[in-house]
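One structure is given below, encoded as structure tokens.
Protein chains: 2
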Amino acid sequence: MSAAQPADGPMAGGGAGARIGSVQTPTLRDVAQLAGVHAATASRALNPRMRPMVNADTARKVLRAAATLGYQPNPIARSLKTAKSATVGLVIPDLTNPLFPPIVRGIEDVLGPAGYNAWIVNTDNDPDREKAQLESLRSRQVEGLIIATARLEHPLLYRLHEQGTKMVLVNRRVDAAEIPSVTADDAAGVALAVHHLVGLGHRRIAHLAGPQTTSTGVVRARAFRHAIADHGLTYDPSLMVTCDYWTETAGARALRGLLDARRPFTAVVAGNDLIALGCYDVFAERDIPCPDRISVVGFNGMPFLDKMRPPLTTVSVPHYEIGTEAARMLLDAIDDPGRHSRSVLLATSLVVRRSTARPAG
Amino acid sequence: MSAAQPADGPMAGGGAGARIGSVQTPTLRDVAQLAGVHAATASRALNPRMRPMVNADTARKVLRAAATLGYQPNPIARSLKTAKSATVGLVIPDLTNPLFPPIVRGIEDVLGPAGYNAWIVNTDNDPDREKAQLESLRSRQVEGLIIATARLEHPLLYRLHEQGTKMVLVNRRVDAAEIPSVTADDAAGVALAVHHLVGLGHRRIAHLAGPQTTSTGVVRARAFRHAIADHGLTYDPSLMVTCDYWTETAGARALRGLLDARRPFTAVVAGNDLIALGCYDVFAERDIPCPDRISVVGFNGMPFLDKMRPPLTTVSVPHYEIGTEAARMLLDAIDDPGRHSRSVLLATSLVVRRSTARPAG
DNA sequence: CAACTCACCGCAATCGATTGCTGAGTGGGA
DNA sequence: TCCCACTCAGCAATCGATTGCGGTGAGTTG
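Sequences listed follow chains A and B, in order.
Going left to right, the first sequence walks through residues 3 to 363 as the working numbering numbers them.
Going left to right, the second sequence walks through residues 3 to 363 as the working numbering numbers them.
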């Protein structure tokens with residue numbers, strides 16, 4: 003079938019017809035032709051790992067030809083053959099949540115220099131959508147997954163993990179399996195928050211917990227109970243309300259419930275910043291002065307908190323670093339599949355601002 | 003995807019060896035074999051556009067075989083052959099800017115149902131990086147580009163556009179070429195802001211303009227001058243300062259310069275919300291009460307502005323809709339290459355909050 | 001009954017890069 | 001002088017899906 007290539011000879015030049023209006027990008031064969039070698043040789047010369055197999059002079063010629071043509075290997079063709087893609091999937095609930103962009107950037111900043119790219123998908127916390135997205139990622143030959151949507155019970159993730167899919171969880175973990183993860187040290191963070199509040203003189207502290215289907219939600223809630231106990235206070239279950247989502251509206255709803263129950267409290271530790279901001283909405287609704295009557299501590303350290311009214315005291319989480327660390331771990335796992343998988347906890351710190359003060363009276 | 007794969011016709015099995023630990027995904031040939039037809043026929047049966055070419059019964063058999071195997075076409079192989087990828091490139095400066103996530107979601111929400119996906123890249127406003135990213139997008143066979151990094155002078159974009167690359171600009175436009183774009187009606191927005199301020203009684207209004215290398219920056223600045231004139235005020239060039247970037251720090255720097263110049267003014271129209279928030283930083287530094295001594299209007303309507311101190315009055319831009327509209331336009335252009343390219347302006351609205359008030363005295 | 005049409009399906013090439021295998025050529029050692 | 005080892009480069013298959021072309025069989029018509 004070499005007949006199909008009238009442009010094979012040295013005269014050639016005809017080659018592939020340049021499409022109107024768009025420049026035909028050179029292929030490996032073009033490079034090979036210009037260098038006067040076979041495509042296979044060109045391929046080996048271009049690939050550093052294979053280069054030792056070709057004569058140094060030949061390699062030079064190929065490299066030069068590639069440079070003059072501005073040759074860029076076609077990643078699609080390469081992926082097809084090698085079943086690799088230099089791409090990792092990044093599964094997050096919703097990019098619109100200010101939590102995620104810094105993580106994404108951290109991931110990309112590590113992936114990029116390593117020659118990898120991230121393919122971002124949103125699941126909106128919808129398991130069906132998540133499944134579809136994961137399927138599509140898999141069919142795109144992603145070499146690994148970074149997942150921010152883990153729930154404690156997450157069979158789909160177990161299955162993938164068992165099938166050998168490389169993955170790293172960020173922000174959250176799963177219950178059963180030993181899937182590597184990168185999370186903040188939530189327990190320590192909550193302890194910091196409670197300690198701060200107790201130090202200010204608060205005795206009746208509420209917790210607006212996040213969804214108990216997520217590790218983050220339960221870990222923080224448990225840490226809250228422990229921290230309360232550690233300070234010699236008695237834990238009052240009625241001061242713990244669970245939010246269905248990590249959102250402002252859920253936070254507002256939870257606080258309203260708490261207020262309406264008329265159990266006294268002077269401070270709240272919110273499951274995250276968004277829940278804390280939901281409290282702000284309720285404060286506005288009901289004319290409750292913060293921090294004068296109720297102090298609030300958030301969690302995460304999202305942007306612009308310093309400009310809120312009042313500036314929100316929060317437990318700061320190094321999201322960018324979560325991203326970089328996760329990406330590094332995933333790359334390690336890809337490079338060396340046998341490697342023992344580990345999970346890391348990143349330190350948090352308390353950022354005291356103006357939403358916390360001594361309790362009134 | 004069922005784990006057990008009795009699949010693979012009678013003798014078969016030989017074919018591709020199932021990799022350890024991971025289930026071998028079925029290929030078109032597997033489907034064809036199970037259906038007892040040739041791969042070509044299976045391909046046609048699976049593709050709605052080609053289905054009329056095959057017998058209805060055969061098509062049914064193929065569909066059923068595909069279903070039982072859980073067949074998913076390999077998009078890589080398909081892309082290689084068809085030179086299409088069902089993905090579009092999305093070029094933004096920095097995902098971390100709260101402006102972009104809503105746009106991204108808008109884009110994805112339109113692209114998804116159409117079977118397309120978005121490939122997101124950040125350029126950090128670095129032309130070299132941008133060039134590299136665009137190159138990588140092109141090599142991935144993206145079928146079109148949505149670009150949020152346009153500068154007024156942008157030869158790279160001209161070139162791509164001339165080569166027939168389908169693209170839609172969002173948020174910003176370019177000077178020379180007629181590249182379709184989706185932007186907010188910046189001029190009207192600025193007019194709204196100025197009108198509001200003048201209505202409150204302000205006479206000396208400053209403008210902290212965004213970078214004049216971007217259409218957004220110059221359009222808003224020009225609109226500001228016009229709006230001032232339209233209200234019978236005289237435009238004072240010393241009350242216009244240009245920020246180098248669309249950031250808080252740039253905004254703070256600009257305001258400091260303005261303050262230090264000691265030209266009196268009672269209100270500022272900021273180029274965007276971030277610049278406005280930069281003003282807040284300076285207010286804090288210098289104990290300037292806002293809005294009592296200086297009123298501020300932002301631009302964009304980013305999230306959480308209602309919880310700032312003070313809540314920021316701003317010109318709200320429908321970012322999500324910018325995304326959906328841009329995606330629709332791009333899909334149209336892909337479907338019908340001959341179509342006349344248009345540019346759309348989306349309406350803005352003023353959201354009055356507490357950062358603006360009557361001038362003191 | 002023969003020739004012709006048409007629907008349907010299979011063959012094989014193709015997209016572009018990678019890689020196992022083979023063969024040509026060279027140099028060295030016995 | 002002969003043979004072997006070794007380097008290097010080309011051949012062709014392959015990844016999986018798509019598609020132009022050609023062939024087969026059934027049905028139709030003169």
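Quick reminder that beta carbons are idealized off the backbone N, C-alpha and C, glycines included.
Every value quoted in this text rests on a predicted model; they were computed, and no experiment measured them.
Practice problem: With a 10 Å radius around its C-beta and 16 neighbouring C-beta atoms as the bar for buried, classify H365 of chain B as buried or exposed. | Solution: For chain B, the structure presents residues 3 to 363; residue 365 of chain B sits outside this window and is missing.
Taking DSSP as the reference, what is the three-state secondary structure of F226 of chain B? Within the second sequence, residue 226 of chain B is the residue found at index 224, counting from 1. Correct three-state label for F226 of chain B: helix.
Original post:
For E145 of chain B, does the count of other Cβ atoms within 10 angstroms reach 16, so buried, or fall short, so exposed?
Top reply: For the purposes of this step, residue 145 of chain B is taken as residue 143 along the second sequence, with counting starting at 1. Under this definition E145 of chain B is a buried residue.
* What residue does the alpha helix (DSSP H) around M331 of chain B start on, and which one ends it? -> For the purposes of this step, residue 331 of chain B is taken as the residue at position 329 of the second sequence. Element bounds for M331 of chain B: H321 to D337.
Would P12 of chain A be called buried (16 or more neighbouring beta carbons within 10 Å of its own) or exposed?
-> The residue labelled residue 12 of chain A in the question sits at position 10 within the first sequence. A caution first: P12 of chain A carries a pLDDT of 28, below 50, which makes its placement in the model unreliable, though a value can still be read off. Counting Cβ neighbours within 10 Å, P12 of chain A comes out exposed, since fewer than 16 surround it.
Runs of alpha helix (DSSP H) wholly within the region 41 to 82 of chain B (minimum 4 residues, chain order) = 41 to 48 and 58 to 71
query: For W121 of chain B, which residues does DSSP report across the bridge?
result: The sequence position of residue 121 of chain B within the second sequence is 119, counting from 1. Answer is B:G91, bridged to W121 of chain B.
State yes or no: is the beta carbon of N127 of chain A nearer than 9 Å to at least one beta carbon in chain B?
For the purposes of this step, residue 127 of chain A is identified with residue 125 of the first sequence, where counting begins at 1. Chain B contact via Cβ: absent.
*List, in order along the chain, the chain B residues whose C-beta lies closer than 7 Å to that of P98 of chain A?*
Counting from one through the first sequence, the residue named residue 98 of chain A turns up at place 96. For clarity, residue 98 of chain A is Thr in the given sequence; the question names Pro instead. Within chain B, the residues near T98 of chain A are P103, P104 and R107.
What's the gap between the Cα of T350 of chain B and the Cα of M304 of chain B? The residue you call residue 350 of chain B lines up with position 348 of the second sequence. The residue you call residue 304 of chain B lines up with position 302 of the second sequence. Roughly 13 Å between the two C-alpha positions.
- If you measure from the beta carbon of S24 of chain A to each beta carbon in chain B, is any gap under 9 Å? Position 22 of the first sequence, counted from the first residue, corresponds to residue 24 of chain A. At S24 of chain A, the pLDDT of 47 sits below 50, so the modelled position is not reliable; the number obtained from the coordinates is stated separately. By this cut-off, S24 of chain A is an interface position.
- Got a sec: is the Cβ-Cβ distance from S351 of chain A to anything in chain B below 9 Å? To locate residue 351 of chain A, count along the first sequence from 1; it is residue 349. No, its Cβ sits nowhere closer than 9 Å to a Cβ of chain B.
* To do: Identify every residue that forms a DSSP beta bridge with I149 of chain A.
  => On the first sequence, residue 149 of chain A is found 147 positions in, with the first residue counted as 1. Per DSSP, A:V93 and A:L171.
ask   = How long is the line joining the alpha carbons of I207 of chain B and D238 of chain B, rounded to whole angstroms?
value = Locating residue 207 of chain B in the second sequence gives position 205, where the first residue counts as 1. Locating residue 238 of chain B in the second sequence gives position 236, where the first residue counts as 1. When rounded, the distance between both Cα atoms is 9 Å.
For chain A, is any of its Cβ atoms less than 9 Å away from the one on T27 of chain B?
As a first step, residue 27 of chain B must be located in the second sequence, where it is residue number 25. For T27 of chain B, the answer is yes, since a Cβ of chain A falls inside 9 Å of its Cβ.
Open item on the list: Judging by CA-CA distance, which residue of B:R227, B:I149 and B:T268 is the nearest neighbour of V172 of chain B?
Closed with: As a working note, residue 172 of chain B is residue 170 in the second sequence. With distances taken between Cα atoms, V172 of chain B lies closest to B:I149.
Exercise. Give a yes or no on whether 9 Å exceeds the smallest Cβ distance from E145 of chain A to chain B.
Key: Within the first sequence, residue 145 of chain A is the residue found at index 143, counting from 1. No, E145 of chain A lies away from the interface with chain B (no Cβ there is under 9 Å from its Cβ).
Looking at the unbroken alpha helix (DSSP H) that takes in F267 of chain A, where does it start and where does it end?
To locate residue 267 of chain A, count along the first sequence from 1; it is residue 265. From DSSP, F267 of chain A is part of no alpha helix (DSSP H); its letter is neither H nor E.
May I ask you to report which of helix, strand or coil DSSP gives S351 of chain B?
As a working mapping, residue 351 of chain B is identified with position 349 in the second sequence. S351 of chain B: strand per DSSP, three-state reduction.
Exercise. Could you tell me which residues DSSP pairs with H209 of chain B in its beta bridges?
Key: As a first step, residue 209 of chain B is located in the second sequence; it is residue number 207 there, counting from the start. Answer is B:M242 and B:V271.
Mind listing which residues of the region 303 to 332 of chain A have their C-beta closer than 8 Å to chain B's C-betas, in chain order?
P305, F306, K309, M310, R311, P312 and P313
Could you check whether the Cβ of I118 of chain A sits closer than 9 Å to any Cβ belonging to chain B? Position 116 of the first sequence holds residue 118 of chain A. Looking at the sequence provided, one finds Tyr at residue 118 of chain A rather than Ile. Not closer than 9 Å to any Cβ of chain B, the Cβ of Y118 of chain A fails to qualify, so no.
query = Using 9 Å as the limit for Cβ to Cβ distance, is P293 of chain B near chain A?
reply = In the second sequence, the residue the question calls residue 293 of chain B occupies position 291. It does not: the Cβ of P293 of chain B has no partner Cβ on chain A nearer than 9 Å.
- Item | Contacts of R142 of chain A in chain B (Cβ-Cβ under 8 Å) | As a working note, residue 142 of chain A is residue 140 in the first sequence. Going along chain B in sequence order, the residues near R142 of chain A (Cβ under 8 Å) are P77 and I78.
What residues from chain A crowd round S81 of chain B, counting only those whose CB sits closer than 7 Å?
The sequence position of residue 81 of chain B within the second sequence is 79, counting from 1. Within chain A, the residues near S81 of chain B are I78.
For N124 of chain A, does the count of other Cβ atoms within 10 angstroms reach 16, so buried, or fall short, so exposed?
Counting from one through the first sequence, the residue named residue 124 of chain A turns up at place 122. N124 of chain A is buried by the Cβ-count criterion.
* Does any residue of chain A bring its CB to less than 9 Å from the CB of Y247 of chain B? -> Here residue 247 of chain B refers to the residue found at position 245 when the second sequence is read from its first residue. No, because no Cβ of chain A sits closer than 9 Å to the Cβ of Y247 of chain B.
For V106 of chain A and L332 of chain A, which I take to be in contact (beta-carbon distance under 8 Å), what is that distance rounded to the nearest angstrom? Mapped onto the first sequence, residue 106 of chain A falls at position 104. Mapped onto the first sequence, residue 332 of chain A falls at position 330. No, V106 of chain A and L332 of chain A are not in contact; Cβ-Cβ is about 14 Å, not under 8 Å.
>> Does the CB of L279 of chain A have a neighbour CB from chain B at under 9 Å?
In response: Translated into the one-based positions of the first sequence, residue 279 of chain A becomes position 277. Closer than 9 Å: yes.
| What are the boundary residues of the alpha helix (DSSP H) that includes G191 of chain A? | What you label residue 191 of chain A is simply residue 189 of the first sequence in a count that begins at 1. First-last of the alpha helix (DSSP H) with G191 of chain A: D188 to L202.
Please report the straight-line C-alpha distance between A69 of chain B and S141 of chain B, rounded to a whole angstrom. Within the second sequence, residue 69 of chain B is the residue found at index 67, counting from 1. Within the second sequence, residue 141 of chain B is the residue found at index 139, counting from 1. One C-alpha to the other measures close to 32 Å.
**Message:** 9 Å is my cut-off, CB to CB: does Y282 of chain A come that close to chain B?
**Reply:** The residue labelled residue 282 of chain A in the question sits at position 280 within the first sequence. Y282 of chain A counts as touching chain B.
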